[in-house]
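Input: a single structure, listed below in structure tokens.
In UniProt numbering, the protein residues as written are 1 to 68.
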């Protein structure tokens, strides 16, 4: 999974079938890897996250989609 600021994270959950969307504000890992500082679309709150399997990064302004 690789991301750049401005990409969209569609985060899967380990314990529910619900997903959450977030804007990626900052990439803390090397070469676009997690963890990511995000702003959740549903609450506006910011968090540092490492996405679980099934999460997807939707590219904004460049080609591709990256799935974990």
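The beta carbon of each residue, even a glycine, is placed where N, CA and C say it ideally should be.
Computed from a predicted model, the values in this text were never measured in an experiment.
Quiz item: So what does DSSP say about residue 30, is it helix, strand or coil?
Solution: Here residue 30 corresponds to residue number 30 of the chain shown, with the count starting at 1. In the displayed model, residue 30 falls within a helix according to three-state DSSP.
Quiz prompt | Residue environment, residue 60, which counts as buried when at least 16 other CB atoms sit within 10 Å | solution = Along the chain shown, read from residue 1 onward, the residue named residue 60 stands at position 60. An exposed status is given to residue 60, since fewer than 16 other beta-carbon atoms sit within 10 Å of its beta-carbon.
Quiz prompt | Buried/exposed call for residue 38, threshold 16 Cβ in 10 Å | solution = Within the chain shown, residue 38 is the residue found at index 38, counting from 1. Counting Cβ neighbours within 10 Å, residue 38 comes out buried, since at least 16 surround it.
Exercise. State the start and end residues of the unbroken beta strand (DSSP E) segment that holds residue 18.
Key: Position 18 of the chain shown holds residue 18. From DSSP, residue 18 is part of no beta strand (DSSP E); its letter is neither H nor E.
Quiz prompt | Any non-hydrogen atom of the ligand PLP within 7 Å of residue 17 CB | solution = As presented, the structure is devoid of all ligands, the ligand PLP included, so that no description of it is given.
Practice problem: Taking residue 44 as the reference, give the member of 21, 57 and 17 with the closest Cα. | Solution: Numbered from its first residue, the chain shown carries residue 44 at position 44. The option with the nearest alpha carbon to residue 44 is 21.
Exercise. Rank 1, 25 and 8 by C-alpha distance to the C-alpha of residue 48 and give the top, closest one.
Key: On the chain shown, residue 48 is found 48 positions in, with the first residue counted as 1. In terms of Cα proximity to residue 48, the closest of 1, 25 and 8 is 25.
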